[in-house]
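The block underneath contains the structure these notes are about, expressed in structure tokens.
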Amino acid sequence: MPSPYNLTGLVKKEKRYCFAHHVNADIWEGKYRGIFVVVKVLRCLPVDNSVQHRLAREIEAWTALNHPNITPFFGICFDFDSPGVPSLIAPYYRNGNILNYTKQNPEVDKLSLITQVANALSHLHSQSIIHGNVNGTNVLVNDNLEASLTDFGISRILQKASSFKAFDMPGSFEEITTPTTLRGWRWKARELMMPSDENGPYKFEATKAVDVWAFAMTVIEIFTGRIPFWYIRSDTKVIYTVMTGGRPERSHYSQINTNIWETLKGCWDQDPAHRPSMEEVMQFFVSVSS
Numbered sequence: 001m002p003s004p005y006n007l008t009g010l011v012k013k014e015k016r017y018c019f020a021h022h023v024n025a026d027i028w029e030g031k032y033r034g035i036f037v038v039v040k041v042l043r044c045l046p047v048d049n050s051v052q053h054r055l056a057r058e059i060e061a062w063t064a065l066n067h068p069n070i071t072p073f074f075g076i077c078f079d080f081d082s083p084g085v086p087s088l089i090a091p092y093y094r095n096g097n098i099l100n101y102t103k104q105n106p107e108v109d110k111l112s113l114i115t116q117v118a119n120a121l122s123h124l125h126s127q128s129i130i131h132g133n134v135n136g137t138n139v140l141v142n143d144n145l146e147a148s149l150t151d152f153g154i155s156r157i158l159q160k161a162s163s164f165k166a167f168d169m170p171g172s173f174e175e176i177t178t179p180t181t182l183r184g185w186r187w188k189a190r191e192l193m194m195p196s197d198e199n200g201p202y203k204f205e206a207t208k209a210v211d212v213w214a215f216a217m218t219v220i221e222i223f224t225g226r227i228p229f230w231y232i233r234s235d236t237k238v239i240y241t242v243m244t245g246g247r248p249e250r251s252h253y254s255q256i257n258t259n260i261w262e263t264l265k266g267c268w269d270q271d272p273a274h275r276p277s278m279e280e281v282m283q284f285f286v287s288v289s290s
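Here the sequence shown is numbered in full-length UniProt numbering, starting from 1 and rising by one per residue.
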């Protein structure tokens, strides 16, 4: 029996070209049953019918999350841009991502939005779901003016698409959520920058501790409206800085109070086991935002 979340044949293009490019997807406007939607065409090779069925079931499981700060999926289709290529269908939010929204609305309560992001990520972790690519562009502002975490699980989808072949990657990577550009490394935990062994390839392993690190980088991104380590122009130098023990410098983030900064420092602990859980981080932000 086909999954009701397989929307193949039901989603139509609204424009000739996509309106945004992400690390692992091209973003299009579409229409599904008369409403505007966002269509994320994943960067992978076409998948066969058996894989399509498994991916639709994966989406079906995620819809059960039903959290106010997690962007829901309507489903998945395999015919939007290229036959057989998975495309995720999600609501269209006119407010865009949290970075654009806070730039256009500087008076907004950023701490409240950050707390909502922490709540969403904590909920994902409680369901044993790892995001793997937390950053400001993956936090939308929904029509209720609340933060809405999106793009979770894309790495899992692409892992299941067994014909996926990474490209434009420096070395051999085992997870597609590793960014194709050096800029993306500014959010990545230190352990992701270390080779698996002295002469071996890098190995991206998404963990809850990796999400915690990236969340803290996203916090400073939201507060400042700038990418992490904005004062270092070279992305390569950022990688070197983190690998040699460097972290964002307090002097460049005067808009963040000391109490919050100390919590963020804990999220950037070199030892993943010493970082707080997202539940602990969420409870902290609830306490300081109330």
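The beta-carbon is built from N, C-alpha and C at its ideal position, and this holds for glycine as well.
Taken in chain order, the unbroken stretches of beta strand (DSSP E) that lie wholly in the segment 35-62 and span 3 residues or more are 35-42. For R275, the CB contacts under 6 Å within the same chain, skipping 5 residues up- and downstream, are A209, V212, C267, D269 in chain order. By the Cβ neighbour-count rule, M278 is buried, with 16 or more other Cβ atoms within 10 Å of its own. Contact between the segment 40-47 and the segment 75-94 is established, with three or more Cβ pairs separated by less than 8 Å.
With fewer than three CB-CB distances shorter than 8 Å, the segment 108-118 does not count as touching the segment 73-85. Counted as a single uninterrupted DSSP element, the beta strand (DSSP E) harbouring L88 occupies residues 87-91. Assignment of V139 by DSSP, reduced to helix, strand and coil, places it in the strand class. In this chain, G184 is not harboured by any alpha helix (DSSP H), its DSSP state being neither H nor E. Residue pairing by DSSP places I27 opposite A20, K40 in a beta bridge. Below 8 Å, too few C-beta pairs join the segment 132-146 and the segment 240-256 to call them touching: fewer than three. Counted as a single uninterrupted DSSP element, the alpha helix (DSSP H) harbouring V281 occupies residues 278-289. S148 has L140 as its beta-bridge partners, per DSSP. Looking only at P106, W62, K103, the smallest Cα-Cα distance to I129 is reached by W62.
Residue pairing by DSSP places C77 opposite S87 in a beta bridge. In chain order, V108, K110, I222, G225 place their CB closer than 7 Å to the CB of T102, counting only its own chain and leaving out the 5 sequence neighbours on each side.
Within the same chain, R250, Y253 come within 8 Å of W261 by CB-CB distance, once the 5 residues on both sides are set aside. Sequence-distant Cβ neighbours of I256 in its own chain, meaning closer than 6 Å and more than five residues away, are F223. For V11, the enclosing beta strand (DSSP E) begins and ends at 11-13. Fully contained in the segment 201-235 are the following alpha helix (DSSP H) runs of length 4 or more, in chain order: 208-224. For T263, the uninterrupted alpha helix (DSSP H) run begins and ends at 258-267, by DSSP.
Setting aside the 5 residues that flank it on each side, W230 is surrounded in the same chain by T224, H252, each with a C-beta closer than 8 Å to its C-beta; the list follows chain order.
Contact between I35 and A56 fails: their C-beta atoms lie close to 20 Å from each other, not under 8 Å. Where S126 is concerned, the enclosing alpha helix (DSSP H) starts and stops at 110-126.
Shown here for V134: same chain residues with a beta carbon closer than 6 Å to its own, the five before and five after excluded, namely D211, A214, F215, T218 in chain order.
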